[in-house]
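Residue numbers (the UniProt record's numbering): 1 to 154.
Presented below is the structure to which this report refers.
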Amino acid sequence: MKGIILAGGSGTRLKPLTGVVSKQILPVYNKPMIYYPLSVLMLAGIRDILLISAPGHLDMFRRLLGDGSSLGVRIDYAEQKEPNGIAEAFLLGADHIGDDQVALILGDNVFHGYKFSDLLRRTVEQLDGCALFGYPVQDPWRYGIAELDADRRL
1 MKGIILAGGS GTRLKPLTGV VSKQILPVYN KPMIYYPLSV LMLAGIRDIL
51 LISAPGHLDM FRRLLGDGSS LGVRIDYAEQ KEPNGIAEAF LLGADHIGDD
101 QVALILGDNV FHGYKFSDLL RRTVEQLDGC ALFGYPVQDP WRYGIAELDA
151 DRRL
């Protein structure tokens, strides 16, 4: 399985900081935000990762993460010229994905919790189709809404 981190967005709620740096480079606790989704992929055993970001931000990620070898992963980079949504990540990453399964994670999402890494590993091992991890919030229209049918399918 391969991984994609979509590290886009303009970070409007974090301005003026995001006027000069990608929000995913900003520190959360003691490390850049991008380390959290990267860790999620690594906990799932994913070592081949494509990071997609805006043209003006890619150099920051390259300076921070390099080719990923210091972290025990391989990181390639792709440019998303315009913010055309999450689904475009699959188009931009088509060559990276090839015929493999892929896990997509957003660069500004932080997942944690009791035995989350175990849940993630089991999901990857048993995956047949699509799995979506989400979290209920008070104002989902600001983030995206996952609608499920009676059988809990997306």
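Using N, Cα and C, we set each Cβ at its ideal position, and we do this for glycine too.
Asked, Found
"For the pair the segment 79-97 and the segment 117-131, tell me if three or more CB-CB distances fall below 8 angstroms.", "no"
"Ile75 and Leu65 look like a contact to me (Cβ under 8 angstroms); what is the Cβ gap, rounded to whole Å?", "5 angstroms"
"Based on DSSP bridge pairs, tell me the residues matched to Pro27.", "Pro32"
"Got a sec, what are the start and stop residues for the beta strand (DSSP E) Ile49 sits in?", "48-53"
"How should Gln108 be labelled, buried or exposed, when 16 other C-beta atoms within 10 angstroms of its C-beta is the threshold for buried?", "Note that residue 108 corresponds to Asp in the displayed sequence, not to Gln. Its Cβ being crowded by 16 or more others within 10 Å, Asp108 is buried."
"Tell me whether Gln24 is buried or exposed, calling it buried when 16 or more other Cβ atoms sit within 10 Å of its Cβ.", "buried"
"Using a Cβ-Cβ cutoff of less than 7 angstroms, which residues in the same chain neighbour Ile46 once the five nearest sequence positions on both sides are dropped?", "Met1, Lys2, Gly3, Ala103"
"Determine the DSSP secondary structure at Ala94, reduced to helix, strand or coil.", "helix"
"Any idea if Gly93 is buried or exposed, counting beta-carbon neighbours within 10 angstroms, 16 or more meaning buried?", "buried"
"Starting from Asp118, follow the alpha helix (DSSP H) in both directions and report where the run begins and ends.", "116-126"
"Give me the Cα-Cα distance between Val73 and Leu41, rounded to the nearest whole angstrom.", "10 angstroms"
"Return the residue from the list Gly144, Met60, Pro27, Ala78 that minimises the CA-CA distance to Leu6.", "Ala78"
"To the nearest angstrom, how far is it from the Cα of residue 177 to the Cα of Ile97?", "Here the chain comprises residues numbered 1 to 154, so residue 177 is not present and cannot be evaluated."
"Could you check what DSSP says for Asp76 in three-state terms: helix, strand or coil?", "strand"
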